[in-house]
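I have placed the structure first, in the form of structure tokens, so that the comments after it can refer back to it.
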Amino acid sequence: MNSFIIYEFQPLGFASEIKFSFTQSRSNEISLYLTEQNVSWLLQAFCSIEKLAYIAFNSQSTMNPDQRFTNKLRSAVEQKIIENWDKEKQIEFGTQYRGIEYIRNKNAFYIAVCTDIDEALVAKFGLDKANEKIISKHSVGRLLNVEYQKPFSEKIKDTFSVYVGYDSFHDFCLANHEVRDQNVNEVETPKVNLAWKNKNNYWILIGSAFVLIFLSSLIFLFANNESSHDPEFEILNGESMFFDEEAEVKYDLKDLNYVKALIEVNGQVVFIADRKGVAKFRLRNPGLREFNLRVDDKVLKQQSIFVKTKEWWGSINLTRPLNDLSFIDNGVLRLPGRQIDSLVKEIYGDFQFHKNFDISADEMIFETRVKNSEAMGGNWAYDVSINLNGREGLMAFNLLAPDATIYTNMKIAETTFDTPAERLHLTKFGVDLSYWRNVKVILKNHTATVYLDEEQIFTSPYKGNLGDLLGFQFYVKGRGAIDNVKVSKLDGSVVYEDEFER
Numbered sequence: 395m396n397s398f399i400i401y402e403f404q405p406l407g408f409a410s411e412i413k414f415s416f417t418q419s420r421s422n423e424i425s426l427y428l429t430e431q432n433v434s435w436l437l438q439a440f441c442s443i444e445k446l447a448y449i450a451f452n453s454q455s456t457m458n459p460d461q462r463f464t465n466k467l468r469s470a471v472e473q474k475i476i477e478n479w480d481k482e483k484q485i486e487f488g489t490q491y492r493g494i495e496y497i498r499n500k501n502a503f504y505i506a507v508c509t510d511i512d513e514a515l516v517a518k519f520g521l522d523k524a525n526e527k528i529i530s531k532h533s534v535g536r537l538l539n540v541e542y543q544k545p546f547s548e549k550i551k552d553t554f555s556v557y558v559g560y561d562s563f564h565d566f567c568l569a570n571h572e573v574r575d576q577n578v579n580e581v582e583t584p585k586v587n588l589a590w591k592n593k594n595n596y597w598i599l600i601g602s603a604f605v606l607i608f609l610s611s612l613i614f615l616f617a618n619n620e621s622s623h624d625p626e627f628e629i630l631n632g633e634s635m636f637f638d639e640e641a642e643v644k645y646d647l648k649d650l651n652y653v654k655a656l657i658e659v660n661g662q663v664v665f666i667a668d669r670k671g672v673a674k675f676r677l678r679n680p681g682l683r684e685f686n687l688r689v690d691d692k693v694l695k696q697q698s699i700f701v702k703t704k705e706w707w708g709s710i711n712l713t714r715p716l717n718d719l720s721f722i723d724n725g726v727l728r729l730p731g732r733q734i735d736s737l738v739k740e741i742y743g744d745f746q747f748h749k750n751f752d753i754s755a756d757e758m759i760f761e762t763r764v765k766n767s768e769a770m771g772g773n774w775a776y777d778v779s780i781n782l783n784g785r786e787g788l789m790a791f792n793l794l795a796p797d798a799t800i801y802t803n804m805k806i807a808e809t810t811f812d813t814p815a816e817r818l819h820l821t822k823f824g825v826d827l828s829y830w831r832n833v834k835v836i837l838k839n840h841t842a843t844v845y846l847d848e849e850q851i852f853t854s855p856y857k858g859n860l861g862d863l864l865g866f867q868f869y870v871k872g873r874g875a876i877d878n879v880k881v882s883k884l885d886g887s888v889v890y891e892d893e894f895e896r
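Okay, structure coming up:
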């Protein structure tokens, strides 16, 4: 084979050159090879060129000064997102942030950014005042959309400014060398040579269009080259897996051209050295596990399996399994005391049980008793999170202290309560947990109803399905306790019950 470089260039704003390598085989077929880094650069180049072209059209002297400054705030927020791109976001949304257009699950991403913003507000203002300033996921989506040019409210701009490290939007303007008049809502800007500015923007646009057409042609060729191959990907023993058993994954990458390939299972990674073979994974966590075949940072195949437990499974902060330590004590689920001493700043007990219950999670009754307080080793906000896991979706909610309701959450299949207005429906989940509280959930006719000590505190219809019940998960801050878990059919007949008497 003969390999040669056909083209290389350095796009505006990129520190390195992009090189495209072509390989010619003996049969005179020519294939395009792009390294993983090249593909990443190409995607970034697309994003940058799109934004550059948009700015070229909209940076004329007629642009609203406040709008121009909002664009600067947008760039600052994107930079903050890049700085906060931690391991959890890498697993869920990709190895790096390249622009909102490359995020597949935008709803979950907006919620994650909202959570980061909430934390910044609480750190700066405290809980009470922060609760007045929180914004919705929709505001995040609109700001990150470069084509959205409608004005934002002062509250929203102030909140984003706090997120990027300023006291207010006005403070952000001052720090960026332009003075904003609060009375007329404008920004004083220096005079510029408009003829030169407009001419320069048009040259930028023409050059951007040329590069965009060239890159489109290359990526079209690359996509066609890859799409002709469909790799084999199959979990051989996924029908009856239990915790701590080994899953075997058969794969065949055939004639795919790639630089790096791996199989990922909820953060656990095995790199593929051979094009064809069987990879083995020891399943350290129960529940639904999603296997992803990634080729050059792109997910080509997915398959999920259900990992059961023979007994309750426990861990600290989801990372330290309690395999050899008893966490069922005097009839309750609870972290053992000797594990609490200064391990980390915040400690949660995670308790899970998974099996085939032969009942639909959309038509059932779930009951339990919970307790959490400082006296028993709990920590503020004394939260107790409860997940009911179905094959198609889950119901997840939490109970916590009355002064911590900013952290309430509710998800039922495809229905979520995460905006400030929606969270108003969850205020009754802020309760005194210093004594045993009885929790009952009734799921019927695609409506979820929650009772606390026989008093209804929540009801709502929901979209989507939970499917067959596969298990429960409790996530308890500190040494809070869980007692007496029971699942019944709607007619009252008991399907499963555990009072933790061992």
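The numbering of the sequence shown is the working numbering, which starts it at 395 and goes up by one. All C-beta atoms in this analysis are idealised placements derived from N, C-alpha and C, irrespective of residue type, glycine included.
Sequence-distant residues of the same chain with beta carbon closer than 8 Å to tryptophan 898, five excluded per side: Since the first residue shown for the chain is 395 and the last is 896, residue 898 is missing from the structure and cannot be characterised.
Any chain B beta carbon closer than 7 Å to tryptophan 706: Looking for chain B here will not work: only one protein chain is present.
In DSSP terms, what aspartate 877 is bridged to: Position 483 of the sequence shown, counted from the first residue, corresponds to residue 877. Aspartate 877 is bridged to Arg763.
Residue range of the unbroken beta strand (DSSP E) whose run includes histidine 748: Residue mapping note: residue 748 aligns to position 354 of the sequence shown, counting from 1. Start and end: 742-748.
Where glutamine 746 falls, given that 16 or more other Cβ within 10 Å makes a residue buried: Here the question's residue 746 lines up with position 352 in the sequence shown. Counting Cβ neighbours within 10 Å, glutamine 746 comes out buried, since at least 16 surround it.
Spatial neighbours of lysine 749 in its chain, beta-carbon cut-off 6 Å, leaving aside the 5 residues before and after: The sequence position of residue 749 within the sequence shown is 355, counting from 1. Excluding sequence neighbours, lysine 749 sits near Lys702.
Residue nearest to glutamine 697 in terms of C-alpha spacing, selected from Leu719, Glu626, Ile851: The count along the sequence shown starts at 1 and reaches residue 697 at position 303. It is Glu626 whose Cα lies nearest to the Cα of glutamine 697.
Simplified DSSP state of tyrosine 890, which is helix, strand or coil: On the sequence shown, position 496 is the one that residue 890 refers to. DSSP places tyrosine 890 in the strand class (E or B) of the three-state scheme.
Those runs of the beta strand (DSSP E) which lie wholly inside the stretch 764-827 and span at least 3 residues: 778-784, 788-793, 804-806, 809-811
Nearest residue (CA-CA) to asparagine 773, options Arg536, Ala875, Asn724: One-based indexing of the sequence shown puts residue 773 at position 379. Nearest Cα to asparagine 773 within the set Arg536, Ala875, Asn724: Ala875.
DSSP state of glycine 535 mapped onto helix, strand, coil: Along the sequence shown, one-based indexing puts residue 535 at 141. Note: glycine 535 maps to helix in three-state DSSP.
C-beta contact flag for isoleucine 666 and leucine 656 at 7 Å: Working through the sequence shown from its first residue, we reach residue 666 at position 272. Working through the sequence shown from its first residue, we reach residue 656 at position 262. One thing to note: isoleucine 666 has its Cβ within 7 Å of the Cβ of leucine 656.
N-terminal and C-terminal residue of the alpha helix (DSSP H) that isoleucine 753 is part of: Here residue 753 is taken as the residue at index 359 of the sequence shown, counted from 1. Per DSSP, isoleucine 753 belongs to no alpha helix (DSSP H) and is neither H nor E.
The stretch 821-832 contacting the stretch 793-800, beta-carbon criterion three pairs below 8 Å: In short, these stretches touch, since the Cβ pair count reaches three.
Leucine 884 - DSSP class collapsed to helix/strand/coil: Locating residue 884 in the sequence shown gives position 490, where the first residue counts as 1. Coil.
N- and C-terminal bounds of the alpha helix (DSSP H) containing threonine 509: Here residue 509 refers to the residue found at position 115 of the sequence shown. Going by DSSP, threonine 509 is part of the alpha helix (DSSP H) stretching over 500-519.
Exposed unless 16 or more other CB atoms sit within 10 angstroms - verdict on serine 555: The residue you call residue 555 lines up with position 161 of the sequence shown. It counts as buried.
Separation of aspartate 522 from glutamine 867, as counted between CA atoms: For the purposes of this step, residue 867 is taken as residue 473 along the sequence shown, with counting starting at 1. For the purposes of this step, residue 522 is taken as residue 128 along the sequence shown, with counting starting at 1. Rounded to the nearest angstrom, the two C-alpha atoms are 30 Å apart.
Buried or exposed (CB count within 10 angstroms, at least 16 for buried), aspartate 744: Indexing the sequence shown from 1 puts residue 744 at position 350. Aspartate 744 is buried by the Cβ-count criterion.
Best match in His840, Glu628, Lys834 for proximity to glutamate 848 [C-alpha to C-alpha]: Taking the first residue of the sequence shown as position 1, residue 848 is located at position 454. Proximity to glutamate 848 across His840, Glu628, Lys834 peaks at Lys834, based on C-alpha coordinates.
Counted within 10 angstroms of its Cβ, other Cβ atoms place alanine 641 as buried (16 or more) or exposed: Sequence index remark: in the sequence shown, residue 641 carries index 247 (1-based). Buried, because 16 or more other Cβ atoms sit within 10 Å of the Cβ of alanine 641.
Residues that DSSP places opposite alanine 842 in a beta bridge: Walking along the sequence shown from the start, residue 842 turns up at place 448. The partner list for alanine 842 (beta bridge, DSSP) reads Leu837, Ser854.
Endpoints, beta strand (DSSP E) assigned at tyrosine 899: The displayed coordinates of the chain run from 395 to 896. Any statement about residue 899 would go beyond what the structure contains.
Bridge partner(s) assigned by DSSP for asparagine 686: Translated into the one-based positions of the sequence shown, residue 686 becomes position 292. Paired residue(s): Glu658, Gln696.
Inter-residue Cα distance where the pair is lysine 551 and tyrosine 645: In the sequence shown, the residue the question calls residue 551 occupies position 157. In the sequence shown, the residue the question calls residue 645 occupies position 251. Distance between the alpha carbons of lysine 551 and tyrosine 645 is about 49 Å.
Beta-carbon proximity of tyrosine 845 to threonine 809, cut-off 7 Å: On the sequence shown, residue 845 is found 451 positions in, with the first residue counted as 1. On the sequence shown, residue 809 is found 415 positions in, with the first residue counted as 1. Taking C-beta atoms as the reference points, tyrosine 845 and threonine 809 fail to come closer than 7 Å.
Range of the contiguous alpha helix (DSSP H) that encloses valine 556: Within the sequence shown, residue 556 is the residue found at index 162, counting from 1. Counting along the chain, the alpha helix (DSSP H) containing valine 556 begins and ends at 548-557.
Whole-Å CB distance - leucine 884 paired with glutamate 757, under 8 Å assumed: Sequence index remark: in the sequence shown, residue 884 carries index 490 (1-based). Sequence index remark: in the sequence shown, residue 757 carries index 363 (1-based). About 6 Å separates the two Cβ atoms, so the contact holds.
Histidine 819: CB within 6 Å of a non-hydrogen atom of the ligand NAP: In terms of ligand content, the structure shown is empty, and the ligand NAP therefore cannot be addressed.
Secondary structure of leucine 630, DSSP reduced to three states: To locate residue 630, count along the sequence shown from 1; it is residue 236. Coil, per DSSP.
Selected residue, minimal CA-CA separation from isoleucine 759, among Glu768, Pro730, Leu837: As a first step, residue 759 is located in the sequence shown; it is residue number 365 there, counting from the start. Nearest of Glu768, Pro730, Leu837 to isoleucine 759, Cα basis: Leu837.
Distance CB(alanine 775)-CB(asparagine 781) smaller than 7 Å: Taking the first residue of the sequence shown as 1, we reach residue 775 at position 381. Taking the first residue of the sequence shown as 1, we reach residue 781 at position 387. No, the Cβ-Cβ distance between alanine 775 and asparagine 781 is not below 7 Å.
Buried versus exposed call for glutamate 541 [16 or more other C-beta atoms within 10 Å across all chains shown]: Translated into positions along the sequence shown, residue 541 becomes position 147. Counting Cβ neighbours within 10 Å, glutamate 541 comes out exposed, since fewer than 16 surround it.
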